[in-house]
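Written below as structure tokens is the structure these notes are about.
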Amino acid sequence: MNKYIAIYVRRSVSDKEKGNNSLSIPAQIADCIRFVGEEAFYKVYEEDGKSGKDIKHRPAFRQMFDDCKEGLVSKIVVKKYDRFSRNMREYLNITDELDKLGVSVVSLCEPFNTDTKEGRMMRNNLLNFAEFEREAIAARVKDSYDTKAQETGFYQGGVVYFGYQSSRQTINGKTGSVLVPYDSAVTVRAMYDVYSDPETSLRDVIMYINENHLPMEAPHGDSTVTRGFDACNIAAVLKNPLYVRADKNVYEYLMKNNYRIIDDVDAFDGKHGFFWHNYRSKTDIYVKVGYHEGIVDADIWLTVQEKFSRHQIPIRKGKVLRSWLSGLLRCGHCDHAVKVYYTYNPKLGSSWRYFTCSGYNSVRGCKSFGIKMNVNKVEELVYSDMKEHLEAFEIARKADKKPSTEIDKIHSEILKIEAETSKLMKKLADADEVLFGYIQERVGKLHSTKNELEKKLMLVDRRVKKIDTKPLLDPLNRWDTLTVEEKNNLARMMIEKIYISAEKGVDIHYYF
């Protein structure tokens with residue numbers, strides 16, 4: 014199998030703001046392709062607007078790293094080493110792993126020979142400076158954010174809060190973003206009105222929104238998205254001071270709870286809401302009255318906060334598995350996670366387990382609350398299927414045949430794409446200009462999908478060959494001696510997910 018050269022390009026937000034054209038995505042790609050040669054076998058991994066702080070928030074980098082582990086990559090080419098990483102410790106960990114895999118990293122602008130100690134020293138020095146620069150930029154951005162947050166009541170950016178939309182306005186000679194009520198503001202008011210009743214719960218709020226078909230749309234660029242709230246999302250809205258028409262009573266509440274208040278008491282005019290900053294730090298939370306108008310009256314907001322303070326949820330000391338299928342179950346109707354719960358009947362003196370779809374407890378969620386299936390019988394069915402699946406897999410591999418699960422599905426999808434492409438190509442000769450463009454676009458998409466499927470097929474085939482069934486068969490044969498946690502760990506090694514519903518039964522998706 015021929016390995017390809019991975020070209021990795023990245024541009025951060027600060028690079029965009031500086032207008033550095035040499036570090037634009039197209040410029041980096043062009044330089045790297047020129048270096049490896051246009052005829053070379055390469056693949057481009059690109060990320061725009063991503064920081065080099067870590068790889069956790071860089072999906073393209075993680076995909077490239079996974080491809081290296083699968084043996085698909087011969088070397089990685091970057092414009093500069095800081096495109097690869099600005100975190101020295103992480104860079105060294107990654108390059109150590111790449112060295113073991115036989116994958117080298119080549120920089121166009123710093124052509125050091127990293128096989129020598131001098132070259133490695135030069136590269137590491139450059140990365141140390143890059144990491145220092147990143148930390149300095151992050152500190153300046155934070156200082157600038159804090160300064161603006163304390164000086165003005167503008168919205169500082171990020172995901173727009175539910176019930177509002179952002180509008181550019183000039184206030185006191187300065188221009189910035191101000192939150193203005195959106196159509197879904199009526200839903201926010203309803204959340205507070207319903208929950209302010211002493212007898213209601215978060216579940217009652219969800220039911221009220223669903224029964225009254227209240228708007229759940231939120232602005233997203235030039236369009237809107239429908240938000241699917243669960244109890245946690247609603248609790249976050251109900252606790253947020255953004256929505257309150259802050260008055261003197263709210264000011265007193267903040268003082269009692271030791272918030273650092275930027276404005277004096279006169280700013281709490283019973284009309285405007287306020288922002289809280291640094292709330293994740295838990296140590297130096299400060300609040301600033303905003304330029305936006307609140308949605309909820311102060312007395313209702315304070316009532317809700319008091320209710321939350323009386324209903325503190327105790328911290329769970331440990332996770333107890335109610336079934337070894339936990340974490341694998343999905344609802345066959347809505348694809349939400351299915352959870353297992355216990356119930357107890359004191360009259361009978363017995364308890365039993367039952368399935369509940371988590372999507373039922375969310376706005377616009379699943380209509381099916383309890384899945385009428387016996388937990389014990391589902392566990393027995395899945396266990397039997399796991400044994401049969403593993404035995405069939407082992408027989409097929411010994412007979413030098415490919416297992417007919419995921420591989421067959423991918424083959425089938427590829428054949429469908431080839432058939433559709435063939436039909437479209439026959440229509441090209443008689444197509445007018447509009448239809449020609451459509452066919453060309455569709456064929457391009459099909460070709461791209463086919464390439465991805467072929468790559469997936471290759472990865473699945475490699476994974477199948479690597480699978481050692483011995484560590485799986487042994488514990489399956491002594492199943493009754495395993496703990497619930499051990500059974501769950503074994504199931505997770507074999508199974509990706511399990512769809513269940515009373516109508517369709519059990520549908521198990523294996524990794525191989």
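The numbering used here applies: residue 14 is where the sequence shown begins, and numbers increase by one.
Quick reminder that beta carbons are idealized off the backbone N, C-alpha and C, glycines included.
Distance between residue j and residue i (C-alpha atoms, nearest Å)
{"i": "residue 234", "j": "residue 182", "result": "18 Å"}
{"i": "residue 123", "j": "residue 90", "result": "11 Å"}
{"i": "residue 393", "j": "residue 500", "result": "12 Å"}
{"i": "residue 41", "j": "residue 58", "result": "11 Å"}
{"i": "residue 250", "j": "residue 201", "result": "8 Å"}
{"i": "residue 114", "j": "residue 84", "result": "8 Å"}
{"i": "residue 315", "j": "residue 208", "result": "12 Å"}
{"i": "residue 515", "j": "residue 347", "result": "13 Å"}
{"i": "residue 141", "j": "residue 106", "result": "14 Å"}
{"i": "residue 77", "j": "residue 485", "result": "29 Å"}
{"i": "residue 248", "j": "residue 53", "result": "54 Å"}
{"i": "residue 262", "j": "residue 380", "result": "41 Å"}
{"i": "residue 279", "j": "residue 288", "result": "16 Å"}
{"i": "residue 518", "j": "residue 371", "result": "18 Å"}
{"i": "residue 511", "j": "residue 525", "result": "14 Å"}
{"i": "residue 24", "j": "residue 320", "result": "47 Å"}
{"i": "residue 385", "j": "residue 359", "result": "22 Å"}
{"i": "residue 391", "j": "residue 231", "result": "40 Å"}
{"i": "residue 112", "j": "residue 49", "result": "20 Å"}
{"i": "residue 336", "j": "residue 497", "result": "7 Å"}
{"i": "residue 275", "j": "residue 303", "result": "11 Å"}
{"i": "residue 327", "j": "residue 245", "result": "No answer about residue 327 holds up, because its pLDDT of 48 lies below 50 and its placement is not dependable."}
{"i": "residue 365", "j": "residue 215", "result": "26 Å"}
{"i": "residue 540", "j": "residue 193", "result": "Lying before the first or after the last residue shown, residue 540 is absent from the chain, which here runs from 14 to 525."}
{"i": "residue 356", "j": "residue 317", "result": "30 Å"}
{"i": "residue 222", "j": "residue 203", "result": "8 Å"}
{"i": "residue 19", "j": "residue 79", "result": "12 Å"}
{"i": "residue 401", "j": "residue 408", "result": "11 Å"}
Residue i, DSSP secondary structure in three states
{"i": "residue 217", "result": "helix"}
{"i": "residue 179", "result": "strand"}
{"i": "residue 195", "result": "coil"}
{"i": "residue 512", "result": "strand"}
{"i": "residue 328", "result": "With a pLDDT of only 44 at residue 328, under the threshold of 50, the placement of this residue in the model should not be trusted; the figure read from the coordinates follows. In this structure, residue 328 counts as coil in the three-state DSSP scheme."}
{"i": "residue 240", "result": "coil"}
{"i": "residue 415", "result": "Any reading at residue 415 must be qualified, since the residue scores a pLDDT of 49, below 50, and its modelled position is unreliable; the value itself is stated next. Residue 415 falls in the coil class under three-state DSSP."}
{"i": "residue 450", "result": "helix"}
{"i": "residue 401", "result": "helix"}
{"i": "residue 232", "result": "strand"}
{"i": "residue 347", "result": "coil"}
{"i": "residue 167", "result": "coil"}
{"i": "residue 461", "result": "helix"}
{"i": "residue 379", "result": "coil"}
{"i": "residue 89", "result": "strand"}
{"i": "residue 107", "result": "helix"}
{"i": "residue 174", "result": "coil"}
{"i": "residue 4", "result": "A question about residue 4 goes unanswered here, because the residues of the chain that appear run from 14 up to 525."}
{"i": "residue 190", "result": "strand"}
{"i": "residue 227", "result": "coil"}
{"i": "residue 342", "result": "strand"}
{"i": "residue 38", "result": "helix"}
{"i": "residue 68", "result": "coil"}
{"i": "residue 360", "result": "coil"}
CB of residue i within 8 Å of CB of residue j, strictly
{"i": "residue 118", "j": "residue 86", "result": "no"}
{"i": "residue 300", "j": "residue 255", "result": "no"}
{"i": "residue 377", "j": "residue 176", "result": "no"}
{"i": "residue 189", "j": "residue 165", "result": "yes"}
{"i": "residue 21", "j": "residue 75", "result": "no"}
{"i": "residue 399", "j": "residue 507", "result": "yes"}
{"i": "residue 334", "j": "residue 504", "result": "no"}
{"i": "residue 265", "j": "residue 284", "result": "no"}
{"i": "residue 38", "j": "residue 206", "result": "no"}
{"i": "residue 92", "j": "residue 45", "result": "yes"}
{"i": "residue 260", "j": "residue 281", "result": "yes"}
{"i": "residue 228", "j": "residue 180", "result": "no"}
Residue range of the beta strand (DSSP E) that includes residue i
{"i": "residue 336", "result": "Taken as a continuous stretch (DSSP letters only), residue 336 belongs to no beta strand (DSSP E), as it is neither H nor E."}
{"i": "residue 55", "result": "55 to 61"}
{"i": "residue 523", "result": "518 to 523"}
{"i": "residue 21", "result": "17 to 24"}
{"i": "residue 367", "result": "363 to 370"}
{"i": "residue 119", "result": "117 to 120"}
Where the alpha helix (DSSP H) containing residue i begins and where it ends
{"i": "residue 498", "result": "497 to 507"}
{"i": "residue 385", "result": "Run containing residue 385: none; DSSP gives neither H nor E here."}
{"i": "residue 94", "result": "94 to 97"}
{"i": "residue 488", "result": "483 to 490"}
| request: Would you list, in sequence order, the uninterrupted alpha helix (DSSP H) runs of no fewer than 4 residues that lie entirely inside the segment 254 to 310? | output: Entirely contained in the segment 254 to 310, the alpha helix (DSSP H) runs reaching 4 residues are, in chain order, 261 to 269.
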